[in-house]
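Protein chains: 2
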Amino acid sequence: MIVVVCLNPALDITHHVPAVSWGGVNRPSAVYARPGGKGLNVARTLHALGADVLLMGLAGGPTGAGIEAALDRSGVPAALTPIAADTRRTFTVVDGAAAGGRGDAAAGGRGDAAAGGRGDVTAFNEAGPEVSEREFAEFRGQYEKALAGASAVVLSGSLPTGLPAGAYATLIEVARAACVPAVLDTHGEALLRGAAAGPAIVKPNLDELESLAGRRLSAGDGPDLAAVAAAADQLRAFGAQAVVASLGADGLLAATGDGRWQARPGAPVAGNATGAGDAVAAALAHGLVLGRPWDERLRHAAALGAASVAAPVAGEFSHAHYASALSAVAVHRDEVS
Amino acid sequence: MIVVVCLNPALDITHHVPAVSWGGVNRPSAVYARPGGKGLNVARTLHALGADVLLMGLAGGPTGAGIEAALDRSGVPAALTPIAADTRRTFTVVDGAAAGGRGDAAAGGRGDAAAGGRGDVTAFNEAGPEVSEREFAEFRGQYEKALAGASAVVLSGSLPTGLPAGAYATLIEVARAACVPAVLDTHGEALLRGAAAGPAIVKPNLDELESLAGRRLSAGDGPDLAAVAAAADQLRAFGAQAVVASLGADGLLAATGDGRWQARPGAPVAGNATGAGDAVAAALAHGLVLGRPWDERLRHAAALGAASVAAPVAGEFSHAHYASALSAVAVHRDEVS
């Protein structure tokens with residue numbers, strides 16, 4: 001069983017509005033509400049891969065109850081620890097008329113939080129509920145019990161308000177004590193402290209790696225691979241056993257105990273990049289428990305990331321896309337080091 | 338007991354964002370979620386006036402459960418009939434930097450849906466859940482039972498998807514059969530058909546009356562009182578026993594069986610106009626059950642409307658404001674007819 005930890009799940013609410021009146025009153029033509037958060041995408045992806053998965057995390061209030069009900073309908077096994085505060089929401093507005101609409105659309109840039117290609121997207125992401133020490137201790141107890149039957153754990157996403165930046169580090173130490181390898185996908189201080197606790201894999205994206213390194217890691221249009229490799233090595237030196245940087249259309253760069261690797265997908269895929277990193281994290285955990293060597297592990301991860309971009313909704317992919325992407329990925333070991 | 342019917346309650350979610358990035362990803366600095374909908378404001382106001390009130394309506398899904406939990410905490414007695422679909426949300430973004438921000442802020446106009454005066458406000462209002470015939474029949478049964486102990490009923494707000502435009506008319510007929518006078522505050526066809534069912538009072542605002550009349554009822558800066566009176570008479574002829582038009586800072590104009598009345602508040606009040614019409618409807622129902630004559634009924638309604646504008650949140654008012662507004666209201670019977 002793979003345990004997926006999602007401490008800060010969200011109810012993702014999306015409003016499609018034919019032509020947004022900013023500063024006015026809008027009546028959305030379509031409303032979607034589904035459970036979200038990076039850990040949920042990872043769990044959904046592993047479930048779709050046929051892996052035995054258990055989603056763990058924190059959920060509270062009516063929003064938490066809504067997430068649990070939706071998870072139940074989706075068939076993804078979950079055991080969420082109840083908290084007193086209400087689980088967070090994210091709210092995304094898709095403006096159908098944005099392409100030719102407001103003059104500042106270009107200046108504002110495109111949020112990539114949802115529904116890519118459908119028009120101008122604006123996201124409002126709540127930070128997450130207050131979690132008490134007692135509630136986190138309760139979660140930790142349930143997590144320790146679940147680890148007894150686990151072959152790997154994935155820790156993914158942001159931490160809710162009130163949890164210390166070392167929360168993931170604590171959970172990785174608990175997993176190490178139970179001899180369960182951990183895959184960590186988060187950002188900032190939680191990533192840095194988590195890496196120091198010695199997880200099997202950390203999976204930053206380019207932004208997260210740049211933010212940790214404190215310097216730009218791109219050159220011209222794409223990532224500066226030598227600089228990315230140096231930053232990945234730094235993060236390994238910090239304690240992570242392997243670092244897999246996800247670089248969007250440029251694929252993956254991995255710094256591992258078995259050397260440095262690159263995996264490049266085939267032709268770039270148009271679609272929704274939200275959740276592609278979660279698909280990569282899911283595939284890395286899957287490859288880990290299947291005992292795949294690094295080249296195969298990365299091939300599957302890059303392919304699943306590409307297949308996820310082609311799917312309209314984060315946390316989903318088509319098996320046909322995955323299969324065809326798999327044959328297009330080019331993996332090589334980097335001899336320059 | 339006054340029964341307040343709110344068939345389409347909402348969870349009102351408000352995000353305060355220091356400087357909104359339209360087309361980007363925003364992290365709100367403050368998040369508020371409270372039960373809303375016109376009927377809820379009426380019930381809260383009557384409860385604060387010390388009236389014996391029962392809020393009835395429809396609630397479903399996790400959002401409905403959240404509304405019930407919040408009502409329970411607020412102490413407003415409620416008996417909501419469960420429905421299968423999820424209760425609607427409204428989502429309001431308050432842009433702290435709007436004053437000097439986007440170039441199109443002026444063109445977009447200001448939504449008055451929330452938090453007046455706090456900056457640029459954009460609202461996204463969901464239409465409401467599908468309600469089945471069986472669910473509405475279940476509600477109607479509970480409503481009939483509650484009417485046995487009721488001295489008045491207030492029917493307020495929009496109808497959720499799936500309910501016919503004649504739903505309020507049906508509920509008014511049921512109330513008439515039980516000899517319970519009804520106050521109706523809604524818009525469009527539901528108002529027209531409701532008025533035909535013979536409620537004691539209908540309370541349109543200027544926009545709603547203009548929309549029914551199919552013509553402008555204002556002249557220059559304010560309402561054209563002769564035109565408003567003619568439109569109110571028309572709505573009375575349609576079946577309503579009395580029509581009270583709420584005209585914002587211009588107060589109230591009433592066409593009743595006891596003649597035509599005007600009630601003007603004192604100096605204009607700065608603040609949040611959302612919910613002022615609901616305060617007026619609450620005061621009209623309160624005056625009705627207390628047996629106040631029209632002049633006193635309108636004096637209280639105009640004063641409570643003004644006190645509601647001074648309060649920061651819809652459905653609330655300060656008793657001190659109410660008392661001082663009461664002495665400032667000028668009521669007169671219109672002899673020209």
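Protein sequences, first through last, are from chains A and B. Just so we're aligned, residue 1 is where the first sequence starts under my numbering, counting upward by one. Just so we're aligned, residue 338 is where the second sequence starts under my numbering, counting upward by one. All C-beta atoms in this analysis are idealised placements derived from N, C-alpha and C, irrespective of residue type, glycine included. Computed from a predicted structure; not experimentally measured.
TODO: Can you grab the Cα-Cα spacing for the pair B:Asn542 / B:Gly360, in whole Å?
DONE: Cα to Cα, B:Asn542 sits roughly 35 Å from B:Gly360.
TODO: Note down the Cα distance separating A:Ala270 from A:Ala307, rounded to an integer number of angstroms.
DONE: In a straight line, the C-alpha of A:Ala270 is about 10 Å away from that of A:Ala307.
Open item on the list: By DSSP's criteria, B:Ala415 is part of a beta bridge. Which residues make up the other side?
Closed with: Beta-bridge analysis with DSSP links B:Ala415 to B:Leu392.
- [ ] My understanding is that A:Gly305 touches A:Ala279, with C-beta atoms under 8 Å, so please give their C-beta distance in whole angstroms.
- [x] That pair is a contact at about 5 Å.
Open item on the list: Strictly by DSSP, which residues pair up with A:Asp250?
Closed with: According to DSSP, A:Asp250 bridges with nothing at all.
TODO: Tell me, please, whether the CB atom of B:Glu526 is closer than 8 Å to any CB atom in chain A?
DONE: No, no contact with chain A.
Task: is_contact[A:Asp120, chain B] using C-beta, thresh 8 Å - done: Yes - at least one Cβ of chain B is within 8 Å of the one on A:Asp120.
Open item on the list: DSSP has A:Ile13 in a bridge; who is on the other side?
Closed with: Looking at the DSSP output, A:Ile13 bridges to A:Ala33 and A:Phe91.
Open item on the list: Residues of the segment 342 to 358 of chain B in Cβ contact with chain A at a cutoff of 9 Å, in chain order, please.
Closed with: Here the close residues are Leu348, Ile350, His352, Val354, Val357 and Ser358.
Open item on the list: Quick check: the Cα distance between A:Val346 and B:Arg471, rounded to an integer number of angstroms?
Closed with: In the structure displayed, chain A extends from 1 to 337; residue 346 of chain A sits before or after that span and is not available.
Open item on the list: Quick check on the DSSP output: what are the complete beta strand (DSSP E) runs of length 3 or more inside the segment 167 to 236 of chain A, in order along the chain?
Closed with: With a minimum length of 3 residues, the unbroken runs of beta strand (DSSP E) contained wholly in the segment 167 to 236 of chain A fall at 182 to 185.
Task: Three-way DSSP call (helix, strand, coil) for A:Trp294 in this model - done: Note: A:Trp294 maps to helix in three-state DSSP.
Task: Closest residue to B:Ala651 among B:Ala556, B:Val581 and B:Ala619 (Cα-Cα distance) - done: Of the candidates B:Ala556, B:Val581 and B:Ala619, B:Ala619 places its Cα closest to the Cα of B:Ala651.
- [ ] Check B:Gly397 in the structure and name its three-state DSSP category.
- [x] In the structure shown, B:Gly397 sits in a strand (DSSP, three-state: E or B).
- [ ] Answer yes if the segment 506 to 516 of chain B comes into contact with the segment 479 to 493 of chain B, meaning at least three C-beta pairs across the two stretches below 8 Å, and no otherwise.
- [x] Three or more pairs of CB atoms, one per stretch, sit closer than 8 Å, so the segment 479 to 493 of chain B contacts the segment 506 to 516 of chain B.
- [ ] Please name the residue or residues paired with A:Val121 in a DSSP beta bridge.
- [x] A:Val94.
Task: Bridge partner(s) assigned by DSSP for B:His669 - done: Answer is B:Gln599.
Task: 7 Å Cβ cut-off: residues of chain B touching A:Pro62 - done: The contacting residues are Pro399, Thr400, Ala402, Gly403 and Ala406.
Task: Distance between beta carbons of A:Pro164 and A:Gly60, contact taken as under 8 Å - done: Rounded to whole angstroms, the Cβ separation of A:Gly60 and A:Pro164 is 19 Å, and the two are not in contact under 8 Å.
Task: Three-way DSSP call (helix, strand, coil) for B:Ser284 in this model - done: Residue 284 of chain B lies beyond the residue range present for chain B, which begins at 338 and ends at 674; the question has no answer from this structure.
- [ ] Let me know the secondary structure DSSP gives A:Thr274 once reduced to three states.
- [x] Of the three classes helix, strand and coil, the one that applies to A:Thr274 here is coil, per DSSP.
TODO: Compare the C-alpha of B:Pro518 against each of B:Leu377, B:Ala640, B:Ala385 and B:Leu625 and name the closest.
DONE: The closest CA to that of B:Pro518, considering only B:Leu377, B:Ala640, B:Ala385 and B:Leu625, is found on B:Leu625.
Task: CB contact check: A:Ser324 to chain B, cutoff 8 Å - done: Between A:Ser324 and chain B, the shortest Cβ-Cβ separation is not below 8 Å.
Task: Outcome for B:Ala667 when other beta-carbon atoms lying within 10 angstroms are tallied against a minimum of 16 - done: Per the 10 Å Cβ criterion, exposed.
Open item on the list: the ligand PLP and B:Pro414: does any heavy atom of the ligand fall closer than 7 Å to the residue's C-beta?
Closed with: Ligands displayed in this structure: none; no statement on the ligand PLP is therefore possible.
Open item on the list: Are the CB atoms of A:Gly39 and A:Val94 within a distance shorter than 8 Å?
Closed with: Contact: no.
Open item on the list: Please return the same chain residues whose Cβ sits closer than 8 Å to the Cβ of A:His332, not counting the five positions on each side in sequence.
Closed with: Counting only residues of its own chain and dropping the five nearest sequence neighbours on each side, A:His332 has a CB closer than 8 Å to the CB of Trp261 and Gln262.
Task: Span separating the alpha-carbon of A:Ala10 from that of A:Arg89 - done: Each residue's Cα considered, the two are about 5 Å apart.
Task: Simplified DSSP assignment, three categories, for B:Thr498 - done: For B:Thr498, the secondary structure class from DSSP, reduced to helix, strand or coil, is coil.
Open item on the list: Buried or exposed for B:Asp409, going by 16 or more other Cβ atoms inside 10 Å?
Closed with: Around the beta carbon of B:Asp409, fewer than 16 other beta carbons lie within 10 angstroms, which makes this residue exposed.
- [ ] Scan the segment 541 to 571 of chain B for residues whose Cβ lies nearer than 9 Å to a Cβ of chain A and list them as they occur along the chain.
- [x] Going along the segment 541 to 571 of chain B in chain order, one finds no residue with a Cβ nearer than 9 Å to chain A.
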